[in-house]
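Spelled out as structure tokens, the structure:
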């Protein structure tokens, strides 16, 4: 069991309230996943060549300012860093692949949680209500977000195994369920020289979809149709891109999901009870997504 | 008739259920209204008393589970496994139901006014289920006894591995599951459909329903089938 939540606000003035709206949903779903928590927020996009990077320090007392200074020396660019607890949000004019390679060679003390123009990712082990407060989920702003509360069944409990998983840029996935062929997916992708961060089954689904889009030029719908063929197991996937929220369930619909749509928002959760306190939910269009059907909502649509 | 109100914004589900288990007979309560369910799970589970219960709002998983004697109405939608293992009495949902409606129900009546999604009536053991709308895929899976009547359409793999439960469908059937087959309606079927519609207070013509039942080819192991069913 895990909990999934997602929210896309449809009015500009609600972007400021994204965090306030998501927090009660998140707290409620903590019951489905008490061991780790994570949230991906799609905030206002930064202008090229700038990028947003969410960074996670694996130990305590990480010297973020030394990192910024090294970046200045190496790339001759200024990095803007906002540090909170063991995590920093960095905006810098860096190419994601190059930064990743450089960081990997420099030290193992920090990992990239996400890269892109608008994505910000928070995730760690611990009780979801505590993780949410430690990182200030109530204050996040943006057009949409994807959250997860984890009850580990297939792999260990570690910060890297928490959801959301990311691949490429401005792309993330959360998963409720368990896959039965993650290792064959992984072997397929490793032959294509893709690198994995964990042995988690959900990571293989995330990388598979992003690989289909990036290497095969597929749209997210085409990539998901490929996934219906290749990814075996039980899943409700909620996927976030810079402009979209996408929801799918496996052919058996073994894992739950509920959607509530109003003029103001589309809200997604594993269970209705975490939507029950949203404003206007009494008059929302509430439905259960069908198996192997792709549900997609776009920013501004 | 005095109606006792239990408000879930003030007391817990456990307290509500304790009242429903232990106080009804002592207090002579014949009707209970449950307010602010807000999608909570396990409301009014395990009742064994002839009481009328009205739940005002949307409920979560397992509402009315293991019910005996009580008549429970939900004025909203419900989550997974409403009335699972119901023994007698009735559970009526005025909105839609999620998956596994009346799973393993032994007796009594379950009515969903709206739609009921996947695996409606899974493993039925004698309960009657009447759905005003449509049902999702794999409904009636391995149902052993009782009836599932669907006024709308049925999703894929209807009645997969059916035993002796009988399914009646008014609308379109996406596909039949392994060993399920459509059979001609007999007079006894029309009478049964009429009875079920009457008990659920739905006005439909029994003439519009089809009968789906087990072809009984899975009752005995067939080594020639090579596991292909």
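Residue numbers (the working numbering), protein chains in the order written: chain A, 1 to 301; chain B, 1001 to 1229. Positions of the beta carbon are idealized from the N, C-alpha and C atoms, including for glycine. These numbers come from a predicted model, not from an experiment.
Taking the alpha carbon of residue i as the point to measure from, which residue in the options has its own alpha carbon closest?
i: residue 1096 (chain B); options: A:298, A:287 and A:294; result: A:287
i: residue 140 (chain A); options: A:59, A:7 and A:179; result: A:7
i: residue 1066 (chain B); options: B:1081, B:1074 and B:1077; result: B:1081
i: residue 31 (chain A); options: A:126, A:71, A:87 and A:73; result: A:126
i: residue 1017 (chain B); options: B:1030, B:1104, B:1125 and B:1043; result: B:1043
i: residue 267 (chain A); options: A:136, A:15 and A:281; result: A:281
i: residue 1160 (chain B); options: B:1026, B:1214 and B:1059; result: B:1214
i: residue 62 (chain A); options: A:38, A:164 and A:88; result: A:88
i: residue 178 (chain A); options: A:56, A:189, A:109 and A:200; result: A:200
i: residue 50 (chain A); options: A:59, A:206 and A:117; result: A:117
i: residue 1051 (chain B); options: B:1073, B:1058 and B:1036; result: B:1073
i: residue 1181 (chain B); options: B:1071, B:1198, B:1106 and B:1163; result: B:1163
i: residue 269 (chain A); options: A:224, A:206, A:295 and A:147; result: A:147
Name the DSSP bridge partner or partners of residue i?
i: residue 15 (chain A); result: Paired residues: none, contrary to the question.
i: residue 1179 (chain B); result: Bridge partners of residue 1179 (chain B): none, in fact.
i: residue 4 (chain A); result: A:148
i: residue 1168 (chain B); result: B:1149 and B:1211
i: residue 1157 (chain B); result: BP columns for residue 1157 (chain B) are empty, so no partner.
i: residue 1068 (chain B); result: B:1048
Residue i to residue j, Cα distance in whole Å?
i: residue 292 (chain A); j: residue 1020 (chain B); result: 40 Å
i: residue 1101 (chain B); j: residue 1135 (chain B); result: 10 Å
i: residue 257 (chain A); j: residue 103 (chain A); result: 38 Å
i: residue 1120 (chain B); j: residue 1099 (chain B); result: 6 Å
i: residue 131 (chain A); j: residue 36 (chain A); result: 8 Å
i: residue 129 (chain A); j: residue 26 (chain A); result: 8 Å
i: residue 10 (chain A); j: residue 251 (chain A); result: 30 Å
i: residue 1132 (chain B); j: residue 263 (chain A); result: 28 Å
i: residue 1064 (chain B); j: residue 1126 (chain B); result: 16 Å
i: residue 219 (chain A); j: residue 41 (chain A); result: 22 Å
i: residue 1033 (chain B); j: residue 285 (chain A); result: 25 Å
i: residue 167 (chain A); j: residue 82 (chain A); result: 23 Å
i: residue 213 (chain A); j: residue 94 (chain A); result: 22 Å
i: residue 135 (chain A); j: residue 56 (chain A); result: 12 Å
i: residue 107 (chain A); j: residue 1056 (chain B); result: 58 Å
i: residue 1167 (chain B); j: residue 241 (chain A); result: 43 Å
i: residue 1118 (chain B); j: residue 1060 (chain B); result: 16 Å
i: residue 184 (chain A); j: residue 165 (chain A); result: 18 Å
i: residue 1089 (chain B); j: residue 1212 (chain B); result: 26 Å
i: residue 29 (chain A); j: residue 1058 (chain B); result: 17 Å
i: residue 1085 (chain B); j: residue 1031 (chain B); result: 23 Å
Use the C-beta contact count for residue i: other C-beta atoms within 10 angstroms, 16 or more gives buried, fewer gives exposed.
i: residue 1007 (chain B); result: exposed
i: residue 1175 (chain B); result: exposed
i: residue 1001 (chain B); result: exposed
i: residue 180 (chain A); result: exposed
i: residue 1172 (chain B); result: exposed
i: residue 77 (chain A); result: exposed
i: residue 143 (chain A); result: buried
i: residue 210 (chain A); result: buried
i: residue 297 (chain A); result: buried
i: residue 120 (chain A); result: buried
i: residue 1222 (chain B); result: exposed
i: residue 1224 (chain B); result: exposed
i: residue 124 (chain A); result: buried
i: residue 153 (chain A); result: exposed
Give the interface partners of residue i over in chain A, defined as CB-CB distance under 9 Å, in chain order.
i: residue 1137 (chain B); result: 251, 252, 253, 290 and 291
i: residue 1098 (chain B); result: 256, 258, 272 and 288
Could you work out which residues of chain B lie near residue i, taking near to mean beta carbons separated by less than 7 Å?
i: residue 261 (chain A); result: Those within 7 Å of residue 261 (chain A) in chain B number zero; the least Cβ separation is about 14 Å.
i: residue 286 (chain A); result: 1077
Give the interface partners of residue i over in chain A, defined as CB-CB distance under 8 Å, in chain order.
i: residue 1060 (chain B); result: 271, 272 and 273
i: residue 1134 (chain B); result: Result: empty, since nearest Cβ-Cβ is about 11 Å, beyond 8 Å.
What does residue i reach in chain B if we use C-beta pairs closer than 8 Å?
i: residue 276 (chain A); result: 1038, 1039 and 1058
Note down, in chain order, every chain A residue with its Cβ under 7 Å from the Cβ of residue i.
i: residue 1080 (chain B); result: 256
i: residue 1118 (chain B); result: 253
Since residue i meets chain B, which of its residues come closer than 9 Å, beta carbon to beta carbon?
i: residue 268 (chain A); result: None at all; the shortest Cβ gap to chain B is about 14 Å.
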